[in-house]
Amino acid sequence: MQNNQQQNSQQTRAQKEGTSWLKIIGIFFGVIVGIIILIGILSGVVLNSLSGDREAARDARRATDLNQIQTSVSMYEDENGQYPDSLSAVEESGSMTSIPTDPETNQPYEYAKTNKDTNFCLGTCMEAKEESDLPNNHSQQCVQQLDLTCENGTPFALDGTSRY
Numbered sequence: 058m059q060n061n062q063q064q065n066s067q068q069t070r071a072q073k074e075g076t077s078w079l080k081i082i083g084i085f086f087g088v089i090v091g092i093i094i095l096i097g098i099l100s101g102v103v104l105n106s107l108s109g110d111r112e113a114a115r116d117a118r119r120a121t122d123l124n125q126i127q128t129s130v131s132m133y134e135d136e137n138g139q140y141p142d143s144l145s146a147v148e149e150s151g152s153m154t155s156i157p158t159d160p161e162t163n164q165p166y167e168y169a170k171t172n173k174d175t176n177f178c179l180g181t182c183m184e185a186k187e188e189s190d191l192p193n194n195h196s197q198q199c200v201q202q203l204d205l206t207c208e209n210g211t212p213f214a215l216d217g218t219s220r221y
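Residue numbers (this note's numbering): 58 to 221.
Written as structure tokens, this is what we have:
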């Protein structure tokens, strides 16, 4: 009988030790899962903020491109006495070696002569969500003349006489 009690005592102790190991393993995996979830949340926050930075950088590039095109179109007008019919004429004249395109879509920027060919408008779609985030020389009149509509972002245009 004493032998049975010792065996039962050893079995109970083994069961308790096995149960405590299971508890430790369960807690360990719970902590690991918690850490993985925390890393996932932090990664999402960081990537989201980086995405906004990339959008702002592309918008800055667009504004710089439009400024360069604006200068080249004005040089073309100085040399030829009139604004070009298209941006390709600016490139062909040598006023600009190559016409920049949108940094994300690689599409050309919008261009049109206005006011009986005495001015011009340049435009594109910026990724900025608010008009207040656009450069100060934004021309709503040129947005309308170019008939700019953007699925995502905000239409941005400037006229030939505005400068940064």
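Note that the Cβ used here is the ideal one computed from N, Cα and C, for glycine as well. In this text the structure is predicted, and so the values were computed from the model without any measurement.
Boundaries (first-last residue) of the alpha helix (DSSP H) holding residue i
i	result
residue 207	Note, residue 207: premise wrong, no alpha helix (DSSP H); not H, not E.
residue 148	144-150
residue 179	Note, residue 179: premise wrong, no alpha helix (DSSP H); beta strand (DSSP E) at 176-183.
residue 191	Residue 191 -> no alpha helix (DSSP H), and no H or E assigned at all.
Residue i - DSSP class collapsed to helix/strand/coil
i	result
residue 216	strand
residue 121	helix
residue 162	coil
residue 173	coil
residue 133	helix
residue 167	strand
residue 187	coil
residue 156	coil
residue 138	coil
Under 8 Å between C-beta atoms of residue i and residue j
i	j	result
residue 110	residue 157	no
residue 202	residue 169	yes
residue 183	residue 211	yes
residue 185	residue 135	no
residue 140	residue 174	yes
residue 192	residue 114	no
Nonlocal neighbours in the same chain, by C-beta distance under 8 Å from residue i, ignoring five residues either side
i	result
residue 126	144, 147, 153, 156, 157, 166, 168 and 179
residue 164	158
residue 77	none
residue 102	none
residue 209	182 and 184
Same chain, Cβ closer than 7 Å to residue i, neighbours up to 5 away in sequence not counted
i	result
residue 130	140, 141, 147, 177 and 217
residue 112	184
residue 200	180, 212 and 214
Checklist entry - Is the number of C-beta pairs between the region 204-220 and the region 163-180 that are closer than 8 Å three or more? => result yes
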